[in-house]
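These notes concern the structure reproduced below.
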Amino acid sequence: MKAGLPLPQVTFRTRIRDESVDGPNPFRWQDMTTADYFAGKRVVLFSLPGAFTPTCSTYQLPGFENNAETFANFGIDEIYCLSVNDSFVMNKWAENQGLKTVKVIPDGSGEFTRKMGMLVEKSNLGFGMRSWRYAAIVKDGKVETWFEEPGISDNHAEDPYGVSSPENLLEYLQKEAAGIAAE
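Quick note: the sequence shown uses UniProt numbering, first residue 1, plus one each step.
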């Protein structure tokens, strides 16, 4: 599918804590590029329909966070969660989830998701344009292995989850480490 392809080059508008900013909201804008996140690293990237949504908040994000050490043991440098949500929402969700390891990437305009071919309409849920659920192992900005939920389509009646689960990625990495060809 997308294995071997380079990630699209985009600029993400992020908000980062900066204690030099006065007031009750000590954050400033910082542009981050695809290269800033992915160059020279082997990472897990997973994308989901929305922050604070049930499957994303109950299973997918906590599963990656809780297994961060195991991923590191398989040579994963970073774990990134991307969603078509703005930086304010992604930062608040990360705080709400108590994230220590997984880092969130806001794709507020959906530019990265669109260029990945994963932007779908979810108006049936009142979401508008969002990401289809997927995960990838990315090495130095190129997709090494791709995990996409089945049935990608606009206004899909269901929210498939399993292929892009942390458990499935760990199973792949275990087989890879054992020298077994992954399916």
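Just so it is clear, CB atoms sit at the ideal spot from N, CA and C, and this is done for glycine as well.
By DSSP, does V10 sit in helix, in strand, or in coil?
coil
CA-to-CA distance, N73 to S153, given in whole angstroms
Spanning the alpha carbons of S153 and N73 requires a straight line of approximately 35 angstroms.
Mind checking which residues open and close the beta strand (DSSP E) that includes K142?
142 to 148
Suppose the cutoff is 7 angstroms on Cβ atoms and the five residues either side in sequence are ignored; what does the same chain contact list for F147 look like?
Result list for F147: Y134, A135, A136, V163, S164, N168, L169, in chain order.
Grab me the residues of residue 192's own chain with a C-beta within less than 6 angstroms of its C-beta, minus the 5 sequence neighbours each way, in chain order.
No statement about residue 192 is possible, as the shown extent of the chain runs from 1 to 183 and does not include it.
Residue range of the alpha helix (DSSP H) that includes Q97:
87 to 97
Taking S131 and L82 to be in contact with their CB atoms under 8 angstroms, please state how far apart those CB atoms are, rounded to whole angstroms.
Rounded, the Cβ-Cβ distance is 7 angstroms, consistent with contact.
Which residues in the same chain as R17 place their Cβ atom closer than 8 angstroms to its Cβ, once the five residues preceding and following it in sequence are excluded?
P26, F27
CA-to-CA distance, G4 to T58, given in whole angstroms:
31 angstroms
With DSSP collapsed to three states, give me the class of E19.
Annotated three-state conformation of E19 is coil, per DSSP.
What are the residues that DSSP puts in a beta bridge with R28?
Bridge partners of R28: I16.
At the level of alpha carbons, what is the spacing between E171 and A35?
The alpha-carbon atoms of E171 and A35 are separated by roughly 28 angstroms.
Looking at the secondary structure, which residues open and close the alpha helix (DSSP H) in which K122 lies?
Premise fails: K122 is in no alpha helix (DSSP H) and is neither H nor E.
For G110, which option in Q97, N85, M90 has the closest C-alpha, if you only look at C-alpha atoms?
N85
DSSP on Y161, reduced to helix/strand/coil?
coil
On a Cα-Cα basis, can you pick out the residue from N124, G108, E149 that is closest to P166?
In terms of CA proximity to P166, E149 leads the group N124, G108, E149.
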